[in-house]
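In the working numbering, the protein residues as written are -17 to 291. Notes follow the structure.
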Amino acid sequence: MEKNTALKENMAPFRYRKPGYVALNVTDLNRSVHFYRDLVGLQLEEQVGSDMAFLRCSGDHHNLALYRSETPGIKRMAFELESPADLDRARSYVERQGWSPQEVPEEERRQLKQGRTFRFRVPEHSITFEFYAQMDRASGSFVPTVAKIQRLGHVVLHCANRDEFLRTLTEKLNFRVSDYFGEQVAFLRCFPNPFHHSFGVSRGEKDALHHINFMVTDVDDVGRANNRMRNNDVPIVYGPGRHDISNSIFLYYLDPDRLTAEYSFGMEEFPEEASRAPRQLPLRPEILDSWGGIPAPAFGKVGAVESSS
Ligand SMILES: [Fe+2]
């Protein structure tokens, strides 16, 4: 146990457990609840009127929070740290960086069913990060319906200041690069979480959402989704195909606000110690899809980063 919490000198003094949840802004809450519950297969844990809904794909209270908004996109990205002690150290550390961490007030924490929680931004990107260490369990275990979702996998963002943001993520926030896709995308794991990427940063003209991902347990989940989405007039924008980068089979589709969401099956896992070095993969389409697919123009095109929370 002691070994697991050991921190090296050159690391920021906290450890991630996992990407906890993503908060999205959606223009029609009921329509998006229907989509993520009935077509993607998340479980609705709680809906607060027409303003907010919490859905999950695990025993957590939520892994996806939907907020009604005029502008669709990403509201914040939340990471669960390993322990309350990690959270305390992270809070002081973020303060020392001059990033002005904001405590989430108790009333909102009660709604989120989370223990102490704080939010902050780094100067290089408009995304709000949220860190917490404790979330209540949901009302029961997750019961898969249309897809056997395992977990919230990752979020990828477009970044106007990609290189500076990447430097902050890796040098100050304990992210590790697993692979580079040319100069375009860096795939990052939140150390010591083993999955190849729980976060990705892509070079872009402005800060924006690229896509969110849910990992599934079975390749059939991807195949069935391909037909289910088509039968329900959900645009498929890429796939099914295979990402050789992370060794996963994928399908990308658009939610009702045209935000891009993905299912993927399989992903390389990294050991905490002696992990392989990141690869610099060439910027060729077959690297992203070894089955030869090409993304549709709408792939990763919609999703503002909220700058006011
Ligand atoms: Fe992805």
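Even glycine gets a Cβ: it sits at the ideal position worked out from N, Cα and C. None of these values were measured; they are calculated from a predicted model.
Distance CB(residue i)-CB(residue j) smaller than 9 Å
i: leucine 155; j: tyrosine 3; result: no
i: aspartate 239; j: valine 284; result: yes
i: phenylalanine 163; j: isoleucine 231; result: no
i: alanine 129; j: proline 217; result: no
i: alanine 5; j: glutamate 77; result: no
i: serine 160; j: phenylalanine 281; result: no
i: alanine 168; j: alanine 72; result: no
i: tyrosine 235; j: alanine 207; result: yes
i: proline 126; j: glycine 23; result: yes
i: aspartate 189; j: alanine 142; result: yes
i: arginine -3; j: aspartate 68; result: yes
heavy atom of ligand 1 below 8 Å from residue i C-beta
i: glutamate 244; result: yes
i: phenylalanine 232; result: yes
i: asparagine 195; result: yes
i: valine 138; result: yes
i: glycine 223; result: no
i: glycine 275; result: no
i: glycine 164; result: no
i: glycine 186; result: no
i: glycine 135; result: yes
i: glycine 182; result: yes
Which listed residue (the options) has its alpha carbon closest to that of residue i
i: threonine 99; options: Glu90, Glu106 and Leu24; result: Glu90
i: glutamine 25; options: Gly31, Ser14 and Leu37; result: Leu37
i: glutamate 28; options: Leu46, Phe196 and Pro83; result: Leu46
i: aspartate 118; options: Arg101, His44, Ile56 and Asn208; result: His44
i: serine 367; options: Arg(-1), Gly97, Pro1 and Ser32; result: Not covered by the structure: residue 367. The range shown for the chain is -17 to 291.
i: valine 137; options: Met(-7), Pro(-5) and Lys0; result: Lys0
i: leucine 241; options: Val22, His192 and Leu48; result: His192
i: arginine 19; options: Cys39, Arg144, Thr110 and Thr9; result: Cys39
i: glycine 248; options: Thr199, Met211 and Glu268; result: Thr199
i: asparagine 195; options: Asn7, Leu139, Ser65 and Lys95; result: Leu139
i: glutamate 146; options: Glu254, Val183 and Pro174; result: Val183
Residues sharing a beta bridge with residue i, DSSP
i: arginine 261; result: Asp161
i: serine 246; result: Met197 and Phe232
i: glutamine 96; result: Met117
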